[in-house]
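Mapping of the sequence shown onto the working numbering: position 124 corresponds to residue 660, and the numbering continues sequentially without gaps.
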Amino acid sequence: MEAPRLAHTMSSPTSPCEEVIKNLSLEAIQLCDRDGNKSQDSGIAEMEELPVPHNIKISNITCDSFKISWDMDSKSKDRITHYFIDLNKKENKNSNKFKHKDVPTKLVAKAVPLPMTVRGHWFLSPRTEYTVAVQTASKQVDGDYVVSEWSEIIEFCTADYSKVHLTQLLEKAEVIAGRMLKLSVFYRNQHKEYFDYVREHHGNAMQPSVKDNSGSHGSPISGKLEGIFFSCNTEFNTGKPPQDSPYGRYRYEIAAEKLFNPNTNLYFGDFYCMYTAYHYVILVIAPVGSPGDEFCKQRLPQLNIKDNKFLTCDEEDGVMVYHHAQDVILEVIYTDPVDLSLGTVAEITGHQLMSLSTANAKKDPSCKTCNISVGR
Numbered sequence: 537m538e539a540p541r542l543a544h545t546m547s548s549p550t551s552p553c554e555e556v557i558k559n560l561s562l563e564a565i566q567l568c569d570r571d572g573n574k575s576q577d578s579g580i581a582e583m584e585e586l587p588v589p590h591n592i593k594i595s596n597i598t599c600d601s602f603k604i605s606w607d608m609d610s611k612s613k614d615r616i617t618h619y620f621i622d623l624n625k626k627e628n629k630n631s632n633k634f635k636h637k638d639v640p641t642k643l644v645a646k647a648v649p650l651p652m653t654v655r656g657h658w659f660l661s662p663r664t665e666y667t668v669a670v671q672t673a674s675k676q677v678d679g680d681y682v683v684s685e686w687s688e689i690i691e692f693c694t695a696d697y698s699k700v701h702l703t704q705l706l707e708k709a710e711v712i713a714g715r716m717l718k719l720s721v722f723y724r725n726q727h728k729e730y731f732d733y734v735r736e737h738h739g740n741a742m743q744p745s746v747k748d749n750s751g752s753h754g755s756p757i758s759g760k761l762e763g764i765f766f767s768c769n770t771e772f773n774t775g776k777p778p779q780d781s782p783y784g785r786y787r788y789e790i791a792a793e794k795l796f797n798p799n800t801n802l803y804f805g806d807f808y809c810m811y812t813a814y815h816y817v818i819l820v821i822a823p824v825g826s827p828g829d830e831f832c833k834q835r836l837p838q839l840n841i842k843d844n845k846f847l848t849c850d851e852e853d854g855v856m857v858y859h860h861a862q863d864v865i866l867e868v869i870y871t872d873p874v875d876l877s878l879g880t881v882a883e884i885t886g887h888q889l890m891s892l893s894t895a896n897a898k899k900d901p902s903c904k905t906c907n908i909s910v911g912r
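Structure representation (structure tokens):
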């Protein structure tokens, strides 16, 4: 099944081939006013008799594809040979229409049964608002086109990464995870005022908060999953947490078994870098059956807590033993409240390295190590 591809020249559009699909979803779209009239390109003739697309429907939306269909009057319908599809990010919806030698999001497709799939990670990004408008066209013997007026503009938003996409990221992360090192605690750095506030206003319990937008743009946990951020990486020579941190001079440490044990599930959340040699893997620990567990179960690949490349928990001689990957920086999100009394708070002796903070960090879209062939 092929989707309409980019038109490099007016005379050589490629053809989609899509089966007819019924009962299209109208979710995530709305109508808006449209500016501009017919195309004014010199190589395109105008002919009002061609039907104007209306009642446009967008369905089957993924992070880098969607299906589109519309209604048309029967008048001159048999003259239609092609469709022109004008796709823009929402902030650019007033751009000039169909300068298709200059703008790579103006698509040409042969007229085929609707709906048809529009797919392309080179011009569609996940979790991004787009506008789309359509013309019908009739190719003439001299290579020019007779076109209809543009349709109304439809707005829609692409989806997050699916489990399939996240599994591709997971597999890329496994390649560079490295050998496993022992760990004994999870830790969380903050300013002193944070811990004072937790004691005074939250009954001594750290509360989950919505994850920021760091990492992959298509991550289904960004801006949605609620949790508490922890670290678990250790220094190679000491086996203990590093004394430096970008997040604050006060550190809460809690024994690993308090958060990660056979009564919790482990999920892979993301894999990214920030234009540096460091790569980060986001993992989610959720108590079995908790709201966080249900959220992750629907959206994230689940890992075997005893056998994975990033963070493991297993019993040896009656004692729980924990290991973490050496060559990636793990960011662990725990989805339930955590009482401070389960661990200790102390000031670190190292430095607060603000430059290493990943708060709202944007992923490097050009890195071949941590990107997959869908919208970034």
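Glycine included, every Cβ here is placed at the ideal spot set by N, Cα and C.
Is the separation between the beta-carbon of Ala-709 and that of Val-855 shorter than 7 Å?
What you label residue 709 is simply residue 173 of the sequence shown in a count that begins at 1. What you label residue 855 is simply residue 319 of the sequence shown in a count that begins at 1. In this structure, Val-855 does not lie closer than 7 Å to Ala-709 by Cβ.
Take every Cβ of the region 696-710, pair it with every Cβ of the region 770-780, and state whether three or more of those distances are shorter than 8 Å.
no
I'd like to check one pair, Lys-845 with Ala-713: are the Cβ atoms closer than 7 Å?
The residue labelled residue 713 in the question sits at position 177 within the sequence shown. The residue labelled residue 845 in the question sits at position 309 within the sequence shown. Closer than 7 Å, so yes.
On the criterion of 16 or more Cβ atoms from any shown chain inside 10 Å, does Asn-725 qualify as buried, or is it exposed?
Looking up residue 725 in the sequence shown gives position 189. With 16 or more Cβ atoms within 10 Å of its Cβ, Asn-725 is classed as buried.
Decide if Phe-772 is buried, meaning its Cβ has at least 16 other Cβ atoms within 10 Å, or exposed.
Here residue 772 is taken as the residue at index 236 of the sequence shown, counted from 1. By the neighbour-count rule (16 or more Cβ atoms within 10 Å), Phe-772 is not buried but exposed.
Can you tell me where the alpha helix (DSSP H) with Gln-704 in it begins and where it stops?
Position 168 of the sequence shown, counted from the start, is the residue given in the question as residue 704. Where Gln-704 is concerned, the enclosing alpha helix (DSSP H) stretches over 699-712.
Tell me whether Asp-780 sits in a helix, a strand or coil according to DSSP, three-state version.
As a working note, residue 780 is residue 244 in the sequence shown. Asp-780 falls in the coil class under three-state DSSP.
From Pro-782 to Thr-905, what distance separates their C-alpha atoms?
The residue given as residue 782 occupies position 246 in the sequence shown. The residue given as residue 905 occupies position 369 in the sequence shown. Answer to the nearest angstrom: the Cα atoms are 24 Å apart.
What number of angstroms, rounded off, separates the C-alpha of Leu-717 from the C-alpha of Glu-867?
Counted from its first residue, the sequence shown places residue 717 at position 181. Counted from its first residue, the sequence shown places residue 867 at position 331. Approximately 16 Å, taken between the alpha carbons.
List the DSSP bridge partners of Leu-586.
Position 50 of the sequence shown holds residue 586. Note: Leu-586 sits in no beta bridge, so no partner.
Write down the C-beta distance between Ala-695 and Cys-599 rounded to the nearest angstrom, noting that I regard them as a contact closer than 8 Å.
Locating residue 695 in the sequence shown gives position 159, where the first residue counts as 1. Locating residue 599 in the sequence shown gives position 63, where the first residue counts as 1. That pair is a contact at about 5 Å.
Expressed to the nearest angstrom, what Euclidean distance is found between the alpha-carbon atoms of Lys-672 and Pro-827?
Within the sequence shown, the letter at position 136 stands for residue 672. Within the sequence shown, the letter at position 291 stands for residue 827. A small fix is needed here, since residue 672 is Thr in this sequence, not Lys. Take the alpha-carbon of Thr-672 and the one of Pro-827: they are about 48 Å apart.
Per DSSP, Cys-906 forms a beta bridge with which residues?
Translated into positions along the sequence shown, residue 906 becomes position 370. According to DSSP, Cys-906 bridges with nothing at all.
Please work out which residues of its chain come closer than 6 Å, Cβ to Cβ, to Thr-885, disregarding the five sequence neighbours upstream and downstream, and give them in chain order.
Residue 885 sits at position 349 when you count from the first residue of the sequence shown. Within the same chain, Thr-885 has close Cβ partners Gln-779.
Rounded to the nearest angstrom, what separates Ile-821 and Cys-903 at their Cα positions?
Locating residue 821 in the sequence shown gives position 285, where the first residue counts as 1. Locating residue 903 in the sequence shown gives position 367, where the first residue counts as 1. Those two C-alpha atoms are separated by around 27 Å.
Please determine, among Trp-606, Gly-754 and Thr-800, the residue with the shortest C-alpha to C-alpha distance to Gly-825.
Locating residue 825 in the sequence shown gives position 289, where the first residue counts as 1. Of the listed residues, the one whose Cα sits closest to Gly-825 is Thr-800.
Can you tell me which of the three DSSP states Ala-861 falls into?
The residue given as residue 861 occupies position 325 in the sequence shown. Here Ala-861 sits in strand by DSSP.
Using beta-carbon positions only, say whether Ile-592 and Ser-687 come within less than 7 Å of one another.
Walking along the sequence shown from the start, residue 592 turns up at place 56. Walking along the sequence shown from the start, residue 687 turns up at place 151. The answer is yes: Cβ separation under 7 Å.
Would you mind stating whether Asp-872 and Pro-798 have Cβ atoms separated by less than 7 Å?
By one-based count along the sequence shown, residue 872 stands at place 336. By one-based count along the sequence shown, residue 798 stands at place 262. Contact: no.
Could you spell out where the alpha helix (DSSP H) holding Pro-662 opens and where it closes?
Residue 662 sits at position 126 when you count from the first residue of the sequence shown. It is not in any alpha helix (DSSP H) - Pro-662 carries neither H nor E in the DSSP assignment.
What does a CB cutoff of less than 6 Å around Asp-850 pick up in its chain, not counting 5 residues either side in sequence?
Position 314 of the sequence shown, counted from the start, is the residue given in the question as residue 850. Result list for Asp-850: Lys-842 and Val-857, in chain order.
Can you check whether the CB of Tyr-870 is closer than 7 Å to the CB of Phe-766?
Position 230 of the sequence shown holds residue 766. Position 334 of the sequence shown holds residue 870. A contact, by the Cβ cut-off of 7 Å.
Looking only at C-alpha atoms, which of Val-654, Tyr-811 and Leu-836 sits nearest to Ser-755?
Within the sequence shown, numbered from 1, the residue matching residue 755 stands at position 219. Taking the Cα of Ser-755 as reference, the smallest distance to any Cα among Val-654, Tyr-811 and Leu-836 is reached at Leu-836.
Short check: CB of Ile-764 to CB of Phe-722, under 7 Å?
Position 228 of the sequence shown, counting from 1, holds the residue named residue 764. Position 186 of the sequence shown, counting from 1, holds the residue named residue 722. Cβ atoms of Ile-764 and Phe-722: not closer than 7 Å.
Could you spell out the range, first to last residue, of the alpha helix (DSSP H) harbouring Asp-732?
As a position in the sequence shown, residue 732 is number 196, starting the count at 1. Residues 728-737.
According to DSSP, is Lys-718 helix, strand or coil?
Here residue 718 corresponds to residue number 182 of the sequence shown, with the count starting at 1. DSSP places Lys-718 in strand when its eight states are reduced to three.
I need the boundaries of the beta strand (DSSP E) containing Phe-765, first residue and last residue.
To locate residue 765, count along the sequence shown from 1; it is residue 229. Note, Phe-765: beta strand (DSSP E), 762-767.
Where do the N-terminal and C-terminal ends of the alpha helix (DSSP H) with Leu-847 fall, by residue?
The count along the sequence shown starts at 1 and reaches residue 847 at position 311. Counting along the chain, Leu-847 sits inside no alpha helix (DSSP H); it lies in the beta strand (DSSP E) bounded by residues 847-852.
Taking the alpha helix (DSSP H) that Gly-805 falls in, what are its first and last residues?
As a first step, residue 805 is located in the sequence shown; it is residue number 269 there, counting from the start. Segment 800-809 is the beta strand (DSSP E) holding Gly-805; no alpha helix (DSSP H) there.
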